[in-house]
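What follows is a short report on a single structure.
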Amino acid sequence: MSTVLEVSNLTKHFPVRRGLLRRQVGAVQAVSDVSFSVKAGETLAIVGESGCGKSTTGRALLRLLEPSAGSVKLDGEEITALPPSRLRAARRQMQMVFQDPFGSLNPRMTVREILVEPMVLHGIASGERAEARVSELLRTVGLAPYHAERYPHEFSGGQRQRICIARALATRPRLIVCDEPVSALDVSVQAQIVNLLQDLQREFGLTYVFISHDLAVVRHIANRVAVMYLGRIVEEAETSALFADPRHPYTRALIAAAPRPAPGAVTGREAVRGDAPSALNPPSGCAFHPRCPLATERCRTERPELRAVSGSNVACHHAEQAEPLPLPSAASAPSELLNRRLEVLARARAASAA
Amino acid sequence: MSETATQAPPATAAATDDVLLDVRDLKVHFDTEAGTFRAVDGVSFSVKRGKTLGIVGESGCGKSVTSSGIMRLVPMPPGRFAGGEVMFDGRDLLKLSEKEMRGMRGGRIGMIFQEPMTALNPVYRIGDQIIESLRVHSGLGRAAARRRAIELLDLVRLPSPEKRVDDFPHQLSGGQRQRVMIALALANDPELLIADEPTTALDVTIQAQILELMRDLSARTGAAIVLITHDLGVVAETCDDVVVMYAGRVVERAPVAALFAAPQHPYTIGLMAAVPRLDIQSDRLETIPGSVPPPYAKIDGCRFASRCPVATDQCRAELPPLRELAPGHSVACWRAPLEDVA
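Same order as they appear, the protein sequences are chains A and B. Read in order, the letters of the first sequence are residues 1 to 354 in this note's numbering. Read in order, the letters of the second sequence are residues 1001 to 1342 in this note's numbering.
This is the structure in structure tokens:
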């Protein structure tokens, strides 16, 4: 499979200025030295907590924020150095879906105008062909052609997110960066949108960068996962390897802290102490050391580089020492009765559809 | 000062079996130009001392209106109580005077909200806000109240509380503010704590800390907790009993283990299957087709009927009452248990 996106040493620092002369007194190190690649038709998830730099990374990929350093290559073409005119052409290939389906649609435009705009802008279609494409896009995302005449406020959150996805698809992109696309949605709606994203990926061979704080959603949708902490990738691995045998203490803490929808499934967790420190003044050495149960003197002084440890790339001096995570207990499996009743509902639904 | 505010619940409270809060057929309606919105329409449940009850449901199901209804914090008008009782330790909160109710809030009943900045006053130091509550409800002197405030901040594990007590809310992180709000809610040893999405705005590692803190406190003081959440994971880990709400009504009520082992209502079943799982790989998530009925719709039958694959004419015509199918496990569904449906 070909590599669609190749990112090396991507860095974004925001200068902090003070005083009359606006002298730079420091920098928020939002993203530092982030490297990864994504193959065609794959999903790479970037996970982490608020302020870890995952959204900044997503925006820097599309140059919605100018990176401070590093390289982003889309299908081999260097994006970071493109002049504005060529950048617009490149953006046809990469689109974005945002978390807030309320704030990311212009309330004064009809759905038709929202969908036609990128087509005209990128010279893809106009007139009748654009009209036909609007209907096709709406059907693709599970809406109906008559929705084209309506305004965003007439739709529910889930439907709005479908419109955002349709808009992203309008230019037939290769890559879509999804920034927390289901975080603002209710569980039952979230499931619909996750399924839609997966169907579209299979149908159009899309490549996703999926930014999320929700490990369960990530486990479900991603092929590979990169875990970020304070602007850096601390672990990167195939999804199954990451969840089966997480090697970085922070990854382990994230997995352990996620509540399980199964009473009695959790028995004692490795609690992480304290809050994440500020990206304005990150700790020396390994940024996780003040909260880490394994931290030693070396962690305080020497920053660990990413290195291969049993199938993962981990930035931790003590990656070998972490004990295997306990296997999920039997209590965490969905109950027999739940599955049987789900089948009853599925059969009834199939019967009424037939 | 109310004489009850200073009185700590008995140490054995957690062991006894008495009901502290009993909500009976509560109805909170909103009269608007578009019609009457029955946000909460006949909700009943009870909470025992030392126990945690979860109210779970999706946006618009009425779970937050239920909690603000209990606290009498629903703006009236447009809201009004269209019926029901909120019995707290034998007294109907809906019949108290506004002055008596003010004594309850922050006194015998503590509250935690999702967004701490809406509950904390940005222009007062956090310590002063706790001190004020202690002086009003417990009648402590200034010095004693300050000592107690520092104690409380330490209890919720705010680092260096003797310094942070003089911080303003904006100087704290989101997780720290949430802890301050918990400290404020607990200041007067409340017998009942109402927590509306207390961890929704927080990162998972901080969420785990806050939930553990709430569990600890309930075990230590014997306070009853009503926890409003949309997160089934939080319910599974924190609650003893659960109420599932849909479109303003309770559709299922059960002890937590029973709810997860044998969910009865088609909505509960759909909700549980829609949640992606961290420890189980699945190909496709289950969804609940359709959407919640519009708020002003007048529906005679089951409000879930339009989305329910096993709905019958009876479901569409007649409102299903809560039926007890197992001890403590009730469901408002004509068709439950589903395996009997041919």
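For each residue, glycine too, the CB sits at the ideal point set by N, CA and C. Owing to the predicted nature of the structure, the values given are computational and were not obtained by experimental measurement.
| Query | Result |
| --- | --- |
| Uninterrupted alpha helix (DSSP H) stretches inside the stretch 217-271 of chain A (no shorter than 4 residues) | 239-244 and 249-257 |
| DSSP-derived helix/strand/coil call for cysteine 178 of chain A | strand |
| Rounded separation between alanine 1317 of chain B and valine 111 of chain A - CA only | 37 angstroms |
| Local Cβ density within 10 Å of tyrosine 1296 of chain B, reported as buried at 16 or more and exposed below that | exposed |
| Distance between leucine 280 of chain A and cysteine 286 of chain A (C-alpha atoms, nearest Å) | 15 angstroms |
| Beta carbon proximity, arginine 247 of chain A to chain B, threshold 9 angstroms | no |
| Same chain, Cβ closer than 8 angstroms to proline 1321 of chain B, neighbours up to 5 away in sequence not counted | Ala1332 |
| Segments assigned alpha helix (DSSP H), at least 4 residues, entirely inside the stretch 283-346 of chain A | 297-301 |
| Cβ pair leucine 5 of chain A, leucine 61 of chain A closer than 9 angstroms | yes |
| The stretch 1326-1341 of chain B contacting the stretch 1264-1274 of chain B, beta-carbon criterion three pairs below 8 angstroms | yes |
| Range of the contiguous alpha helix (DSSP H) that encloses asparagine 195 of chain A | 187-204 |
| Closer than 9 angstroms to chain B by CB, leucine 338 of chain A | yes |
| Coarse secondary structure for leucine 1140 of chain B, derived from DSSP in three states | coil |
| Length at least 3, wholly inside the stretch 1274-1338 of chain B: the beta strand (DSSP E) runs in chain order | 1323-1326 and 1329-1331 |
| Alpha-carbon spacing of valine 1136 of chain B relative to asparagine 1188 of chain B, whole angstroms | 10 angstroms |
| Option in B:Leu1227, B:Glu1115 and B:Thr1221 with minimal Cα separation from leucine 1211 of chain B | B:Leu1227 |
| Under 8 angstroms (Cβ pairs) to chain B, residues found in the stretch 294-314 of chain A | none |
| Minimum C-alpha distance to glycine 48 of chain A - residue among A:Gly41, A:Glu42 and A:Thr56 | A:Thr56 |
| Per-residue burial, arginine 1323 of chain B [other beta carbons within 10 Å of its own, 16 or more giving buried] | exposed |
| Other residues of its chain near valine 218 of chain A: CB distance less than 8 angstroms, five sequence neighbours each side excluded | Ala45, Val47, Phe210, Ser212, Val225 and Thr239 |
| Expected contact under 8 angstroms - CB spacing of methionine 1104 of chain B and leucine 1093 of chain B to nearest Å | 7 angstroms |
| Euclidean distance between Cα positions of isoleucine 1131 of chain B and glycine 1141 of chain B | 9 angstroms |
| is_contact[leucine 1217 of chain B, chain A] using C-beta, thresh 9 angstroms | no |
| Min CB distance methionine 1101 of chain B to chain A below 9 angstroms | no |
| Opposing strand residues paired with isoleucine 211 of chain A [DSSP bridges] | A:Ile46 and A:Asp179 |
| Proximity test, Cβ basis, 9 angstroms: alanine 348 of chain A and chain B | yes |
| Closest Cα partner of aspartate 245 of chain A within the set A:Val177, A:Gly231 and A:Ala322 | A:Ala322 |
| C-beta atoms of proline 152 of chain A and arginine 139 of chain A nearer than 9 angstroms | no |
| Rounded distance between the beta-carbons of proline 1169 of chain B and isoleucine 1109 of chain B, thought under 8 angstroms | Not a contact, Cβ separation roughly 22 angstroms. |
| C-beta contact flag for lysine 1163 of chain B and alanine 1082 of chain B at 9 angstroms | no |
| Arginine 224 of chain A at chain B interface by Cβ criterion, 9 angstroms | no |
| Contacts of glutamine 192 of chain A in chain B (Cβ-Cβ under 9 angstroms) | Ala1274, Leu1285, Thr1287, Ile1288 and Pro1289 |
| Close beta carbons around arginine 291 of chain A, own chain, < 6 angstroms, minus the five adjacent residues each side | Val272, Arg273 and Gly274 |
| Inter-residue Cα distance where the pair is glycine 70 of chain A and valine 31 of chain A | 11 angstroms |
| For arginine 167 of chain A, the nearest candidate out of A:Arg63, A:Gln95 and A:His248 (CA to CA) | A:Gln95 |
| Per-residue DSSP class, three states only, for aspartate 1041 of chain B | strand |
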